[in-house]
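Going by the working numbering, 125 is the number at position 104 of the sequence shown; the sequence numbering is gapless. Worksheet for the structure shown next.
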Amino acid sequence: MSALAYHDEWLKVYYKRLFPCETFSKWLTYDYQCKNLSKREFSFTLAGDIYVRYQSFDSATEFRRHLLNMVPHKIDIGAVYSTAPKQHRTVMPISFKPIWKELVFDIDLTDYDEPIWKELVFDIDLTDYDEVRYCCGTQGVNNERVVCNRCWPLAQAAVACLDRALREDFGFKHLLWVFSGRRGVHCWVCDEVARYLEPTLRTAIADYLTLIKPSDARKY
């Protein structure tokens, strides 16, 4: 058995026994009945770096079944649309528009046909700190190493500053901080007002929170 096949077998065990599909579905629908799950878009990155969009599921059970069948190496969460994303080829483009999505800044909004809503999500990536990071990355003594334990205080400081700004300057209350899976942290702002923000307002919030650009970092 190849290393990749062995890896996929363990992924199947994880998706079958440990991945919290029910809790995951309740969170992403903000409804214990999971009524809006079928309109939320997911995308999967499969073995061989194959990217599959427009995945949607009618229930947590169907979600788990697809995870076991496709065994994605990565799951990305998209917007909520007016029509189930898996039916995007059977409806007119004007009918397929997002309802909401958490505010997320590593999402290219031009990829979406006006999502109805989407969470506000911030991506703190340690590779963005290469201007002031000398242990890893392009400036590091070991530039092949992406991240090490000495890098994480930078992310910790960013989390503290961003959490305070989002709560005190914007009044957001429902913030979910999670490890990104490799080299950083994601913050999901799940307040209803954040989920319905227009792209221009999302950009304005990002600009407000960008105090120092990477090219200016060495000036300080």
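A virtual CB, placed ideally from N, CA and C, is assigned to each residue, including glycine. Remember, predicted model here, so these are calculated numbers, not experimental data.
Non-local beta-carbon contacts of Arg204 in its own chain, meaning distances under 7 angstroms to residues more than five positions away in sequence, involve Asp146, Leu147, Thr148, Val167 and Val168 in chain order.
As DSSP reads the structure, His207 sits in a beta bridge with Asp144 and Val199.
Here the alpha carbon of Met91 sits roughly 7 angstroms from the alpha carbon of Leu67. Note that the C-beta distance between Ile98 and Phe65 is not below 8 angstroms. Ala176 places its beta carbon 8 angstroms or farther from that of Leu230. Straight across, the Cα-Cα distance linking His87 with Ile233 is about 43 angstroms. The beta-bridge partner set that DSSP reports for Lys95 consists of Thr66. Counting the other Cβ atoms within 10 Å of the Cβ of Ile71 gives fewer than 16, which makes it exposed. The C-alpha of Leu32 lies about 35 angstroms from the C-alpha of Phe193.
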